[in-house]
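Each residue of the sequence shown is one higher than the last, beginning at 4 in our numbering. Read the structure below first, then the notes.
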Amino acid sequence: MRKITRLSLVAGASIAVIGGAMAAVPSSAATGGGECELSGTANFHPGPGTNPSGTFAYDFSGSLTNCGDSTSGPSGFGKTTGEISAGQTYTDPTGGKHAEPTATGTGSCATGTTAGIAFVHWSDGTDTVIKYTTTSAAAGVALQGSVVPSYQFADGYTVASTKYAGANADGVLAFEVTDPTQCTTANGVTSAGIDGITGLGTTS
């Protein structure tokens, strides 16, 4: 018998990661479900503009709050929170700093694709590392990815996924440009909010 376990996140800045455009998965859909409100900002270096073949890099950070986490039982709902980032600085438990890999993309404000690694640190002390890709059309962004077992930074430090290991990721996101006129320039967007719903799920 197959069992599907999911965590769904209401993401305000998931690039995802980072991080991070699929259908929302309600927390009641299956054992292990949950959801979070996420609010964050992506910063571009430079950003998407008018060139459909333009390349860009970005970093992202956001907060996940009001989370449901049925992996902790009914008492876990509304208590789990998290911080998500991609392309920024990861701080380990001893205070050490590690450069997260830069997220990159190709496209314009109208259409584009990106890829990156997003890091989530949860309030219960666990971590989730998500490798993701996105595809965008106008303000809509579709995200797909998976939780990887671990990630080793360039300096040799390794962070392991101690929560939702083996899960797949998907999401429905909205790209909210701070200054829409930047989409008409060659230099492109400098920052944007990312809001929507993302999900993590495993099949067993």
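Beta carbons are placed, not taken as given, at the ideal position from N, Cα and C, and that holds for glycine.
In the same chain as Thr129, and ignoring 5 residues on each side of it, the C-beta atoms closer than 6 Å to its own belong to Thr165 and Lys166, in chain order.
Secondary structure of Gln91 (DSSP, three-state): coil. The Cβ-Cβ distance between Thr107 and Thr58 falls below 8 Å. Contact check for Ala172 against Gly148 passes: the beta carbons are separated by less than 8 Å. Around the beta carbon of Ser88, 16 or more other beta carbons sit within 10 angstroms, so the residue counts as buried. With respect to Glu103, Tyr93 sits close: the two C-beta atoms are nearer than 8 Å. Separation of the CB atoms of Gly174 and Val150 is rounded to 13 Å, and the pair is thereby denied contact status at 8 Å.
Inclusion of Thr53 and Cys70 in the CB contact set at 8 Å is not warranted, their separation being larger than that value.
Under the three-state reduction of DSSP output, Thr187 falls in the helix class. Contact between Pro51 and Gly119 is absent: CB atoms are separated by about 15 Å, not below the 8 Å threshold. Exposed is the label assigned to Ala157, since fewer than 16 other Cβ atoms lie within 10 Å of its Cβ.
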